[in-house]
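Worksheet: one structure, shown below.
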Amino acid sequence: MCGSSYIPLPKDIKNKRAVVNPRNMDEECFKWTILAKRVTGINRDRFVGSNYTKHENKYNFSGLTHPTPLSDIKHFEKNNSNVSVNVYGLKKEEKNKKTLHTVFPIKVVDEEKTGHFGLLLINENEKSHYTYISNFSRLVGSQKNSHEHTLIFCKRCFTSFDNQKLKNKLSGQAALDQHKMICGENKPILPVMPEPGSKLNFDAYGKTQRHPIVIYADFEAIL
Numbered sequence: 003m004c005g006s007s008y009i010p011l012p013k014d015i016k017n018k019r020a021v022v023n024p025r026n027m028d029e030e031c032f033k034w035t036i037l038a039k040r041v042t043g044i045n046r047d048r049f050v051g052s053n054y055t056k057h058e059n060k061y062n063f064s065g066l067t068h069p070t071p072l073s074d075i076k077h078f079e080k081n082n083s084n085v086s087v088n089v090y091g092l093k094k095e096e097k098n099k100k101t102l103h104t105v106f107p108i109k110v111v112d113e114e115k116t117g118h119f120g121l122l123l124i125n126e127n128e129k130s131h132y133t134y135i136s137n138f139s140r141l142v143g144s145q146k147n148s149h150e151h152t153l154i155f156c157k158r159c160f161t162s163f164d165n166q167k168l169k170n171k172l173s174g175q176a177a178l179d180q181h182k183m184i185c186g187e188n189k190p191i192l193p194v195m196p197e198p199g200s201k202l203n204f205d206a207y208g209k210t211q212r213h214p215i216v217i218y219a220d221f222e223a224i225l
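Residues in the sequence shown are numbered consecutively from 3, following the working numbering.
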């Protein structure tokens, strides 16, 4: 997978207003997507011009190929010691006669540096294109729950934490920091929950073994 020239965002993703999609005519969309963080105002979603090129000297893009494959991102991170980059993809689904897209992690760093970037890699036929995630919580929030208040997310597994200040409870950020101590040891994943009303059945009886002693613990007593 690598990013090339402009591809429009899917309608449901565009409506979230959480992604900036530079309109580049060349195959250097990775560079323009990185620079989108520096561009302000309505110019960010417009054609790449002086609004972007005036920021080119802010980062070292040497050694990158165009279109830029995922494997080249590590070179960009080495060229810029204070930079880290996460990359996410989109999974297309049909629900209730509507086309929706689910965000999933492709590349997630162990530690976010001061100059951190979240990129969304979108696809159209055989073509791919990088875009800049300006608001991660808004982008993935609706695929996790319908809460209207602010949530913060683990960017490795998308576990969410309520950022409201609640009495006798950890803040959302404190809970997230504790979660990262465990989650950081694992590969990025997209949790897939069973459909509402579905049942999980065990049918691998051929793999069972008979044991002389079995102990059952009723954990409801603890609760």
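Cβ atoms here follow ideal geometry from the backbone N, Cα and C, with glycine treated the same way.
- For V85 against L123, the beta-carbon gap comes to about 18 Å, at or over 8 Å, which does not count as contact.
- DSSP places N81 inside the alpha helix (DSSP H), whose first and last residues are 75–81.
- The DSSP assignment places 162–164 as complete runs of the beta strand (DSSP E) inside the segment 156–208, in order along the chain (cut-off: 3 residues).
- Rounded to whole angstroms, the separation of the alpha carbons of H118 and I75 is 13 Å.
- Put simply, of Y132, P10, A38 the residue whose alpha carbon is nearest the alpha carbon of E29 is Y132.
- With a cut-off of 8 Å on Cβ pairs, the segment 99–106 is not in contact with the segment 63–70, counting fewer than three such pairs.
- Under the DSSP definition of a beta bridge, N88 partners with G120.
- Between L121 and C156, the gap from beta carbon to beta carbon reaches 8 Å or more.
- DSSP places I9 outside any alpha helix (DSSP H), giving it a letter other than H or E.
- Just measuring C-alpha positions, the residue of R40, E187, N137 sitting nearest D112 is E187.
- For T133, the enclosing beta strand (DSSP E) covers residues 129–135.
- Within the model, the alpha-carbon separation for P190 versus T161 is close to 11 Å.
- In this structure the segment 209–217 does not touch the segment 126–141; the number of beta carbon pairs closer than 8 Å is below three.
- Beta-bridge analysis with DSSP links H103 to K94.
- Cβ contact annotation for P214 (same chain, cutoff 8 Å, sequence separation greater than five): none.
- For N53, the enclosing alpha helix (DSSP H) starts and ends at 52–55.
- Nearest in C-alpha terms to L192, of all of Y218, Q145, L202, L11, is Q145.
- In the DSSP assignment, L153 is bridged to D164.
- For K13, the enclosing alpha helix (DSSP H) covers residues 13–16.
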